[in-house]
Structure formats: C-alpha cells, structure tokens
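Just below is one structure, and these are the notes that go with it.
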Amino acid sequence: MWEGINPWENPNITGENRLPPHAYFVPLSSREVPPTRKSASGFIDLNGNWKFKLYPSPFSVPSSSITEYDPRLNTVSVPHMWQFDGYGTLQYTDEGYPFPIDPPNIPSQTPTAIYQKKFDVDGLDPNRRYILRFDGVESYFDVHINGRYVGFSKGSRLSAEFDITNFLLEKDNFICVKVLQYSDATYIEDQDMWWASGIFRDVWIVSRPEVHIFDFRLVTSYLASNKCDFSLEVDLSDHTGSLTVEWELSDDAKVLAKDRMKAGKQFRFHRILSDFTWWNPEKPKLYSLFISLKHGGETLEVIHHRVGLRDIRIVNGELRLNNNYFKMHGVNRHDHDPKKGRAIDIETAAQDLLLMKANNINSVRTSHYPNDPRFYELCDEMGLLVIAETDLESHGFANVGELSRITDDPDWEISYVDRIERHIIAQRNHASIIMWSLGNESGFGCNIVSMYKVAKGLDPTRPVHYEEDRNADVVDVVSTMYSRVSQMHDFGEYPHPKPRIICEYGHAMGNGPGGLAEYQQVFNKYRHIQGHFVWEWIDHGVESKDSNGRIFYKYGGDFGDYPNNSNFCIDGLVFPWRTPSPGLLEYKFLIAPVEFSYENGKLYAKSRQWFEPLEDLCAHIELTRNGYVVATSDSNLNGLQPGESILLETPQKFELDNDSQEEASLTCKVFATANTPFRKHGDLVALSQFPLTDYSPAKRKNHRRYFSCNRVNNELIIHSGKARYIFDLVTGDLTSLSIEHTELIEQSPKITFWHSLIDNHQQEFDSLWSPSYLDVCQESVQSVDYRSTNNHCTIHVKTRIAPPSLDFGMRCAYTWTVHDNGEAVVRVEGNPYGSYDEIIPRIGVRLAVPSSFQNINYYGRGPGENYPDSKAASYLGRFSTTVRELPTPYVVPQDNGNRGEIRVFTLSNEEGTKLSIFANETPLNVRALPYSDKQLSEATHMNELEEEDSIEVNIDAQLLGLGSNSWGSEVLDAYRVRFAPFSHTFSLQPSQSDTEK
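In the UniProt record's numbering, the protein residues as written are 1 to 997.
Below you can see the structure in the form of structure tokens.
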C-alpha cells in the first residue's frame, strides 16, 4: 500500500539490511576474558564525541553530510537526546501526538539530526565479520559508512545490528547516522513521557569469525523440587562440518552439566539436572553458561551467559514459579535521568533496581518498552521479577475516539509483530523475565492477536500479558488499570479462570499516593490476585537552574511546548534526584517481608516471603508509655520459613494506674543485621504498631498563677502568670500572645477549609472546589463578647465563612477560654447552610508564629510526613525535628509535611521559649512550614519557595486523605472530610521551661 514512499512513512518496512534478531550476548575470545562489553572481541566503543547538526526536515539535509566529514559541526556526547543538550524543543504529552494524526504520515518539517564520527579499526581482519550495534535510537535512523549506505531501522527501544564488514577501512572510517525525530513508528511509540530524540543508548562494534555463534536459546523446566529439565539450542551463522560446539553450566563449586558436538548449523542439548539451586527473587542464584566455538584445538569464540534455573507456568489459574505460589509487589518504571532523559546509563539503572530491592519491591514492569539489554542481566542478578513490555503504545488515538484504529488495521501487522519478535528473541534467556507484555494502551484488534501468536511461538514457556484484552480472551493473564478497591474485592470474590494482576494503580503524583493500605489488604486476602504495580517509579523532571543558581525541575509547558500535560509526568515514587518520596516509604512497609499480629496479649511475626527463609533480620519490640520507650526486646527472625509464624518475646510487663490515662503501645520494627547489596546493617525493613490502650487527652498539671483580665478600649488584655494574651474585641482576633516580652504569635488562628492544592486532588478541585470558590472563602465576624472570672476568661466570636458569588457557607464560632495556668483552650464550631455538602480539603485552623521558633518536638505519628490514608511508614512516638526539616520537597509545591495523630506539638526558639499545641477530644494533624499556604499555592516550582518572616502552622482535626485521583482512586470514604457540622477543641500553652507546662 505504501510502496515508493519515504521509508520513515511506511509501516510495512521496519528496517533494511538489519541483521535478524538474536539473543543478547557479548562475544568473547576466550573463557578467561571478563564478560563485559569492553572485553568483546574486536570491541570498538563508538560512544563519546560525535559531530552533530540539527536540520528542520529530512529534506533539508544536504547529501554532502553523508559523504563528507565536517569537523566544524558542533560536538555532542553520545548517548544523548538532543533536546536535553539544547537542540530543538522538549515537549511533554501524556497521550496526545505532537503532530496531526494522519497515519502513517508525519510532518514534512520533522527535526532531523546528522551525526558524524571518525574511527579506526586496528588490525582489520579479512577473515572476520564486523558488526555495528545500536541499542537505542529514536525514532528512525539510517547509517552510512565511508559515504556508502548501510541500512536503516525503526523501533526506538529495540536493538539494531548491521554487518559493516564490506564498508570498513583500517584507518579514518567515517560513519554518518541520520536520525528523524518522528516516523510512522511514532504512532506506536506514544508512551507517557517526554518527546525527545537521538542516539540515546550505546553504539559499538564487535568482530566475529566468519562462522560464529549466531544465537542460543535455553529453557529450564520444573520436574521436581530437585530436578530441572535443561535444554539448550545453539545456532551458528553458517553450516560447517569442521567446527565443534562445547558448553558448560557451572558455578564456583561444581559443574552441573557439559557437552560437545561436531558439525551442523544448529545444535540441541538436553539434560536433567539435580543437586542445584532454583533461581527466585529472594535468592537469585545464577550459574555460568559458557558456549565455545572451536576449530580443532583453537577457540574461535566464547559466549557467556548467567543462567537462573527457574520455571514459570500457570497451574489451576495461578502463576507458579518453580511450582511455588507467589505474588508480585511491583512498580512501573520508565528510563529517566533529570539531565539526560532516556539516555540513562546502566549504573543509574542499577541504582534504581537496588533502591527497589531496598524498599521491598520484588517486581518491575518495564513500562512501556524494552530496556537496555543489560537491565535484564541486573534483574537476574539482584532478584526482580520482570513483566517485559515491548515498545508499543498508540494512546494518542484516544484523542479522536479510536484507540484501536491501527491496532485493528492489518496494514500495520508487520510493524506490530516486528516489535514483539525482536524483543522476545533478544531477551528470552533471562530468568527474571516471567511474563511478556504486548504493549500498553493501544486498544485491541487483529494485530494484538498476531503478536500473541508470534510470542507463544517464540516462547511457549512464559505467559503473555496485555491489559487492553480486558477479559483475557487472547492473552494468558487478566489485567486491569486503576481498579478501585471495591472492584478489586469483586475480582477477588469472583475469580477469573486466568491469573489476575493490576498492572497500574496508586498514581504516585505529587503528595501521595494515599489508600495503598486498603489496596494491600485486598491483595493479601485473595490468592487469585497475584500482582500489583504502582504507577510509577520516578518523577520525569528535567533539571534546571534559575538565575540564582538554585536547582529546580521543569515539566510540560516549561519549554514553550504546547499542547502539553503540564506536571503529569511528575508522578513517581522517587524524586528526580533519586531519593525516596514518602509514598515509596509507605509502599515499602505495606509490602514488607515480615507481618506482625497481636492477638489476646500475644505478639506474632509471620514471614511474607514466598520462597526462602528469612535471613539477617531481627525484630525489635518497643513498649511505649505516652510515647516514651520503657522496655524493649529483640528476637532473631532468621530461618523463619515462608508463611510461617512465630510467637515473639515481648518486653517486660508494666502496670497501668487506672487513673493515669497513659497511652501504651507495642512498636514492632524489623532491622537488617548484615550488609547486603541493597541493605545496610541497621536498615529498617518492616514496621507495625499496636495500641494497648485507647487514646485519651493527657492530663496536664495545673500550675495556678497570677491572673487578670482587663478591657482597654477595644482590646481585652489577659495576664496569666508570665503569659499575656491580647484580643481585639472588634475582630475577635488574638492579636498578641507573649511571654516575658517574647511574642509567640504572628497571625491569629483562623478557621479554614482550604490548603494549597495537592496534585491528587486536582479532579476534586476542577469539579467541586473551583466552581464553588472554596479556595477564596471570606470570613465575616458577626459578634464578639467575653466574660471573666477570677481564674479564667472566655471570649466568644461568632462568624460566617463563605465563598463569594454563591449562597452557601458555614456559620462558625470560636470560643477561647484562657485559664490561670496560662493555657488557652480553643473550641471551633460550625454549621453549614445552603446546598453544598461535598468533600473539602480540611476543617481546622491556621495561625503563624515568629520565624525564630524553628525547633519542633512532638508526640504523634512520625518520624516522616504522614496523612490519614498514608501512615504505614510512621508510628506513634516522640520526635524532634525543625521547621526547615519538616517539609517534603515536591517538584511542584503543594500541601506537605503533615504529622498526624498529634497529642502535643511544641515549637520553641533558641532561648527556650515554647508554644505547645495540645489535642483534646481527638488527636490532631499539624504541619509547621516556613512557607505560607498562599506561597505554596502560587509557586509552580520548588525554587520559587522563599522562607518567610513567620512560620505558618496548620492545625486540623479533620484532614482529607490523599487518594491518588490525579489518575487513580478517589479518597476512600473513611478518609473524607465533608462540609458538615463540626466541633473541635485544642489548647495553646506558652511556656519558658518544662516545669511551666
């Protein structure tokens, strides 16, 4: 249909002169050579400096660029993406194509780059073949060497190889690579990420004997707990009867199997192995496979591959690994570097995987394309289960209501099938890959069916996943995205005949996700649900510096790109600089390998591993009273078998005085007792806490002091010991709170229902809060009165809080009771009027204290940020921090830093003057930030935040949970706050020493 048109607009042709796909490996000259790329036979590293020029169109590229090396061109360092080096424009869209939809056509003005490089081939051998390999080029590229055309390829995240033997000179070879930003392939490479282009993975040359090992395939199958069916196929590049293939499977201790065979182009070996260790993610045992090609006594070539002996299959509707049931606690991962985009080096990928393991993640979905081939080697080595997704997404067709347009078009079958074929053949020897995925969000149609058939033909041993096959009519695993907790319950109660996973959920955008605990309860309850993958791993921020040298991170729209999806790419469990967010820590403890339970006064620990006994872990139990640790005990967990529970020794008992109103709890922590590649001795691995008594407000000693209450004009001045309160009798405001002439208040406490918007509440803002002007409510004081006795004074303020232009609001009241011990009890109440009764961000008060009150001590949930539906990484205790340490540095400023279940929260200055906030009927949520809510609301990037002259303190009796409704679950009912009647109290206590509290 498209013959005679541009090769970059013809989906029937995915490449020209590209070598057939084969397993990824590095050819070596002998077994003694280290199995690294740089040790490959005849290795020439083409990474590094290339000459570069960007043209506005492929038709603008002069023919001389292909035939003549130009040293005057700019220099770039490959791998790279040229937009990250300042060429062209970065653009971010979630699903929309950056050009008009007209498949397979692309704009004639498609940015096109020319890359030029000179290189030598030392000792050019006429008896060897020279192979040029690209591991990733986006989107279309063609290659010329010494002015001669070599070939082209599409499939940005798939490797491409060319035999360049007949093009080479020994000295001064000139390679030219032309890269188009867009091609017909772009229509199926519309993953949620930055639109960026270039040679973004390694480029290298190796040399091979004329007859060489072209491919190998191994299959391992479970026969019994101590028996593995091992088969190996080896293909040579050509038929010969004079060569021998030898292979050996071994580790440092022993040889498991070996064999040799002469003649033939294809070799098949088969063995039944015993006395070995199965590979699994908890103990990723690997053996070395050496395949040697020999001529007489001479070794021509050696292939080394690290083999994990494992079996994956579906039994009675369940996934089984080595005949063991298991669950995948996973995450979706894009390649991203804040300075280089998808041009991520393998060391950074390894850092990602180590951080996943450190946070108890055992699975990764390669959303939504193949990774660097070495990524899968790392997963084999570290022990991560992989859903290996091919390079396919046509999400942009959703914008025109035809998501399946080309997926159900037979004219695109070649392009679709090419991607899964190249992917599977390259990576099917990896133990870590337990499932193939046909792609993502491309609708459903005939091309998915074709891909599935090819996948099963190439690898019948692994299940195949594709979420858009909603009932798994074709594929082997049923999968959904962002199913709500109630839906997951339904799925669990009514099992599908095939295994089920939720391939995306818990959208980790900004502050969040919340509600993961409820999801995890469902996942833990139902055997049928065997995998869950949070969206996603890392924020896709682009590192930048402002004029003051401050680092911040850009997102969609920051490069003049339009249309864009703004900060929707800032949706990761780790920040762009690769440190965990509170969301990752929450996930870590929900999927921890140890689970605690407390029943009838007995404490149990259970292993939640699936394959191996626990190792190098110790349970540390703390008995706390009013947040103070009063006794501890330790129990070694080593040797606890999967699913096994043990009774733990608990700390010594203590007697509670019936009238003491002391809170007691058991805090259960699991620590690592040895260093591993992903844990350090002392790392916290698991966390739980069990209350032993109910909450009740702590009784405070009543140190009676001098007390007076006097009205002076429109001010009410109250002295209580060294504390002085001044109220404005017109506005009802607390205009001053001081002790010994030190001012403690900068802004009077004000009832508010609003805080700076968090990303996960954007949909509520758009549909409810913005139309109701909830963020700009106005307060109108109706009356202020007071009465005084000889030991306390009560100020009562009636007020109305309501939005402009509308006829609903809240009739509120403040009741201040200042006692002769210096304490002020504050009651806030409200009764709504009008028709609005929907959810709101909070019910609480906001006040401000001087900026000198930097020190914080609190009794509540800590040590880190926590919210009502995100608190698994916190526990009730006593903690110390500072105002500067309290915030979380989200890429897009938003409400943050909350500490929940607060009993007492004390701010103090260096001189020891303190302001304590006490909870009364119910614990509080408190956050004290160096930035005002107004500044957080107006700032769009983290560098815009400036510490202010006062510290804003938010005190909320009711605080809306986080949810993940930026693209996921709404806040669950249990964590919702409604515009409804309320009545709450808290207390303020100024002091200068602990004895004055």
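We put the CB at the ideal spot given by N, CA and C, even for glycine.
Item: Backbone CA spacing between tyrosine 149 and serine 139 [nearest angstrom]; Value: 18 Å
Item: Touch test, the region 930 to 937 against the region 716 to 725, Cβ-Cβ under 8 Å, three pairs minimum; Value: no
Item: Straight-line gap, asparagine 399 to asparagine 17 (C-alpha atoms, nearest Å); Value: 36 Å
Item: Span separating the alpha-carbon of asparagine 49 from that of glycine 86; Value: 16 Å
Item: Residue(s) in a DSSP beta bridge with isoleucine 272; Value: Asp229
Item: In chain order, each beta strand (DSSP E) run of at least 3 residues that lies wholly inside the region 334 to 369; Value: 363 to 365
Item: Neighbour-count burial assignment, methionine 1, 16 or more Cβ in a 10 Å radius; Value: Reliability of the predicted coordinates at methionine 1 is poor, the pLDDT of 38 falling under 50, and no value is obtained from them.
Item: Burial state of threonine 36, where buried means 16 or more other Cβ atoms lie within 10 Å; Value: exposed
Item: Counted within 10 angstroms of its Cβ, other Cβ atoms place histidine 239 as buried (16 or more) or exposed; Value: exposed
Item: Cross-strand partners of asparagine 831 (DSSP beta bridge); Value: Arg811
Item: DSSP three-state assignment for histidine 681, whether helix, strand or coil; Value: coil
Item: Nearest-angstrom beta carbon gap, glycine 572 and glutamate 543 [assumed within contact, 8 Å]; Value: Wrong, their Cβ atoms sit about 14 Å apart, outside the cutoff.
Item: Residue interval of the alpha helix (DSSP H) (run including alanine 802); Value: Run containing alanine 802: none in the alpha helix (DSSP H); it sits in the beta strand (DSSP E), 792 to 802.
Item: Residues near aspartate 184 in its chain [Cβ-Cβ closer than 6 Å; skip 5 each side]; Value: Glu9, Pro11 and Pro104
Item: Element boundaries [beta strand (DSSP E), containing cysteine 709]; Value: 707 to 712
Item: Residue range of the beta strand (DSSP E) that includes aspartate 728; Value: 723 to 728
Item: As assigned by DSSP and simplified to three states, the class of methionine 435; Value: strand
Item: Proximal residues to serine 870 (C-beta, below 6 Å), its chain only, five neighbours per side dropped; Value: Gly514, Glu586 and Leu962
Item: Leucine 617 versus leucine 458: straight-line alpha-carbon distance, rounded; Value: 42 Å
Item: Secondary structure of phenylalanine 753, DSSP reduced to three states; Value: coil
Item: Enclosing alpha helix (DSSP H) for serine 288 [first to last residue]; Value: Unbroken run through serine 288 is the beta strand (DSSP E), 287 to 295; no alpha helix (DSSP H).
Item: Proximity to leucine 692 [Cα-Cα], best of Tyr773, Gly601 and Ala619; Value: Gly601
Item: Cα-Cα separation between tyrosine 92 and asparagine 821, rounded to whole angstroms; Value: 59 Å
Item: Pair within 9 Å by beta-carbon distance, valine 629 and threonine 667; Value: yes
Item: Proximal residues to valine 977 (C-beta, below 8 Å), its chain only, five neighbours per side dropped; Value: Ile839, Ile840, Pro841, Arg842, Ile843, Gln958, Leu959 and Leu960
Item: Outcome for glutamate 644 when other beta-carbon atoms lying within 10 angstroms are tallied against a minimum of 16; Value: exposed
Item: Whole-angstrom distance between alanine 664 and glutamate 377, CA atom to CA atom; Value: 48 Å
Item: Lysine 339 versus tryptophan 204 - alpha carbon distance; Value: 23 Å
Item: Alpha carbon of valine 33 to alpha carbon of methionine 261, nearest angstrom; Value: 23 Å
Item: Beta-carbon proximity list for cysteine 379, same chain, < 6 Å, skipping 5 on both sides; Value: Val386 and Ser432
Item: Cβ neighbours of tyrosine 416 in the same chain (closer than 6 Å, five flanking residues each side left out); Value: Asn447 and Met451
Item: Unbroken stretches of the alpha helix (DSSP H), 4 residues or longer, contained in the region 116 to 172; Value: none
Item: Check whether leucine 180 and tryptophan 247 have beta carbons under 9 Å apart; Value: no
Item: Short Cβ contact (9 Å threshold) for isoleucine 131 with valine 206; Value: yes
Item: Pick from Leu438, Phe52 and Gln83 that is closest to leucine 73, judged by C-alpha positions; Value: Phe52
Item: Simplified DSSP assignment, three categories, for arginine 422; Value: helix
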